[in-house]
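K.L.:
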């Protein structure tokens, strides 16, 4: 049986409130707060990017895994904000962790689901016994165009998972992927900000794929919503995960522990993986967890995990996700946020 | 001039029809109308569409649609008069049959609006305003109607709640229309707490962006009897223009083009407003319906807000307005709206409107307008 042997989360300290963004654009903050269930989002500092956050999260995952980084045979970084268009993030991460040179690395991109893609690949290489341990990271410093609806949610964060076959903290019972060609969100080369299809990102995109993957994996595993203690859906805003959960027959109490978006924003490739780190932080032996990611373009990856007793030994070896989210926050005004996010151009 | 009858109607479900193209939604409705009429050919067709060029990059629409309907080489024309394109198509079809030029004419309306972003849709709709005197200064339709609303409230004491009641009434009606985009009820509180778009108008005061089509089949009334089905006569048609720019009007709290078109249509039909049993009107914004009820003479000037509050325009009121759900709940695919109004009235006069049926309705009136009233088309329909 293969599964998770270590996990780690990273969330930058900086936050900006919905009101602060709405104030600048003359927008209606209460409608974003009520309509999208968003309150604030994380913001990376100027010296943080997908790679630095991936390093932070991965070091925490290695602590919980208790392994020698040189035993990691594969390193995958899923992101839509890799710092370089050409030059891998994975090599920097692997080097920083001390996993080089005998390691396979790749950078992945699939809008908000690149993180779970890496998890899928690393897990299956372990299952195939091609590698002993595999590291997968979902990390993003995503950007929404100034004034666009996405600016209220596009946030920064990273989650890292190490897969192996021994000393598991969660066993993988099933995986399932659901993919179609659905252009709901995109960014072409040389474009700074992504574009999206507005309401088209809802029913034919997020809901179709999340439901397709969730129903598919439950059918494959012969399980039903009530069999799970926790469920994590991709969290582009506060509303979608609850609505899709209700459509599938899950209860609010199953969703809430991994629902971080109202205070975190949408961390894109880190979104559902961070929901899972928050859930593992509180899970007990035997708990069944379903996670369903979503990436525009479009597709969903689903995993079913069963938590083992080892969770109690490792959860306090690194910071808990909720602590990263709730403590030590630094609120920015829009001016500093704009500087941090390089929305202000200085003279050469 | 020959008398003209509607012998068939067709309409499919409206909404965000992302899986369908303009041509397919048009053909679906047109085929339903042809089937309903029981005709084996059409002699000509007229299509109302406001802006297929901006919405889907397609012009030369009339030939394209006659091709996809399998009707080449019949003559086909597209007419455009902003949001009254559908009503104008019906009037052109009427003229063609009345004049004796054609016997069986298909009149369709269509708009595919959700294949572009909200900004692009707002721009396309904005082309119905005066580019030099309105659009260039940043005005969009919610802004223009908001100014009309403010003027009406200031002049006549129309209240924010009365505006909301128009939306509540039309959603109540729309909840009984399975083809409506938003077939559900809303409350006054929901309207008042919805997102502000252009003060005082909130999102639930505004008709939506919609994909949809509707079609009717016309023929000379003396030939309609041969089809052995209940048919509906178009006994009056009226059309009028006004300045496109709101700033050029004498009174922005009054819809002169609707007043003139309505008076002409009623005069042609030999009817008074009190003879009409139901109305389908152009409630693109809640204030529009209030002003239309005044312009048509259902109520005196300035009394439209009070009328909706008192239930005069409710489904069981003296003058039922927008039993279909109106543009607000049924949706507003701009070019299709005027034709869909005729579809609703025909269904009502044939007693086929289901739960929203107006009892013993014999005569109906449809009012369709473009922009802020720069154009208006009114038709009077009577059951045979």
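Chains as they are written, first to last, in the numbering used here: chain E, -2 to 345; chain W, 125 to 508.
Think of the CB as a built atom: it goes at the ideal place given N, C-alpha and C, for glycine as much as any other residue.
1. Please say whether residue 1(E) and residue 160(E) have beta carbons closer to each other than 9 Å?
2. Could you name the residues of the same chain whose beta carbon sits closer than 8 Å to that of residue 424(W), not counting the 5 residues immediately before and after it, in chain order?
3. Quick one: Cα of residue 69(E) to Cα of residue 229(E), how far?
4. Against chain E, does residue 142(W) count as a neighbour if the rule is that its beta carbon must be under 9 Å from one of theirs?
5. Give the C-beta separation of residue 272(W) and residue 437(W) to the nearest angstrom, bearing in mind that I take them to be a contact with Cβ-Cβ under 8 Å.
6. Starting from residue 102(E), follow its DSSP beta bridges and name the residues at the other end.
7. Within 10 angstroms of its Cβ, does residue 50(E) collect 16 or more other Cβ (buried), or is it exposed?
8. Cα separation between residue 136(E) and residue 151(E)?
9. State the Cα-Cα distance for the pair residue 242(E) and residue 264(E), rounded to the nearest angstrom.
10. On the three-state DSSP scale, how would you describe residue 491(W)?
11. Using 10 angstroms around the beta-carbon of residue 308(W), count the other beta-carbons present and answer buried if the total reaches 16, otherwise exposed.
12. Decide if residue 147(W) is buried, meaning its Cβ has at least 16 other Cβ atoms within 10 Å, or exposed.
13. For residue 320(W), which beta-bridge partners are listed by DSSP?
14. Check the Cβ-Cβ distances between residue 320(W) and every residue of chain E, and say whether any is below 9 Å.
15. For the region 165 to 190 of chain E, which residues have a beta carbon sitting closer than 8 Å to at least one beta carbon of chain W?
16. With 8 Å as the limit, tell me which residues of the region 222 to 251 of chain W have their beta carbon closer than that to any beta carbon of chain E; keep them in chain order.
17. Just list the beta strand (DSSP E) runs in the region 166 to 238 of chain E, keeping only unbroken ones of 3 residues or longer that don't cross its boundaries, in chain order.
18. What residues are listed by DSSP as bridge partners for residue 132(W)?
19. Quick one, which of 458(W), 354(W) and 380(W) has its alpha-carbon nearest residue 132(W)'s?
20. For residue 245(W), collect the residues of the same chain with a Cβ closer than 6 Å to its Cβ; drop the 5 residues on either side in sequence, then sort them by chain order.
21. For residue 152(W), does the three-state DSSP call read helix, strand or coil?
22. Going by C-alpha distance, which of 311(E), 276(E) and 12(E) is nearest residue 323(E)?
23. Residue 197(E) versus chain W: which residues are under 7 Å apart at the beta carbon?
24. Decide yes or no for the touch test of the region 25 to 45 of chain E against the region 98 to 105 of chain E: beta carbon pairs closer than 8 Å, at least 3 of them.
25. CA-CA distance, residue 249(E) and residue 62(E)?
26. For residue 440(W), does the three-state DSSP call read helix, strand or coil?
27. Hey, is residue 283(E)'s beta-carbon within less than 9 Å of any beta-carbon in chain W?
28. Using a Cβ-Cβ cutoff of less than 6 Å, which residues in the same chain neighbour residue 259(W) once the five nearest sequence positions on both sides are dropped?
29. Need the endpoints of the alpha helix (DSSP H) that residue 450(W) sits in, please.
30. Could you name the residues that DSSP lists as bridge partners for residue 135(E)?
31. In chain order, what residues of the same chain have a beta carbon less than 7 Å from the beta carbon of residue 432(W), not counting five sequence neighbours either side?
32. Please state the DSSP three-state secondary structure of residue 38(E).
33. Which whole-angstrom value is the C-beta distance of residue 501(W) and residue 385(W), which I expect to be below 8 Å?
34. What are the start and end residues of the beta strand (DSSP E) that includes residue 167(W)?
35. Using a 10 Å radius around the Cβ and a threshold of 16 neighbouring Cβ atoms, would you call residue 15(E) buried or exposed?
36. How long is the line joining the alpha carbons of residue 87(E) and residue 407(W), rounded to whole angstroms?
P.N.:
Per the coordinate set shown:
1. yes
2. 418
3. 27 Å
4. yes
5. Actually they do not touch by this definition, with Cβ atoms about 18 Å apart.
6. 72(E)
7. buried
8. Looking at the two C-alpha atoms, the distance is approximately 12 Å.
9. 20 Å
10. strand
11. Within a 10 Å sphere around the beta-carbon of residue 308(W) sit fewer than 16 other beta-carbons, which makes this residue exposed.
12. buried
13. Residue 320(W) is bridged to 326(W).
14. yes
15. none
16. Listed in chain order, the positions of the region 222 to 251 of chain W with a beta carbon within less than 8 Å of a beta carbon of chain E are 238, 241 and 242.
17. 167 to 179 and 227 to 230
18. 341(W)
19. 354(W)
20. 237 and 333
21. helix
22. 12(E)
23. 142
24. As far as the Cβ criterion goes, the region 25 to 45 of chain E does not touch the region 98 to 105 of chain E, which means the pair count is below three.
25. 31 Å
26. coil
27. no
28. 250 and 253
29. From DSSP, the alpha helix (DSSP H) with residue 450(W) extends over 450 to 454.
30. 75(E) and 156(E)
31. 286, 289, 290, 293 and 414
32. Three-state DSSP puts residue 38(E) in a strand.
33. 6 Å
34. Per DSSP, residue 167(W) belongs to no beta strand (DSSP E) and is neither H nor E.
35. buried
36. 57 Å
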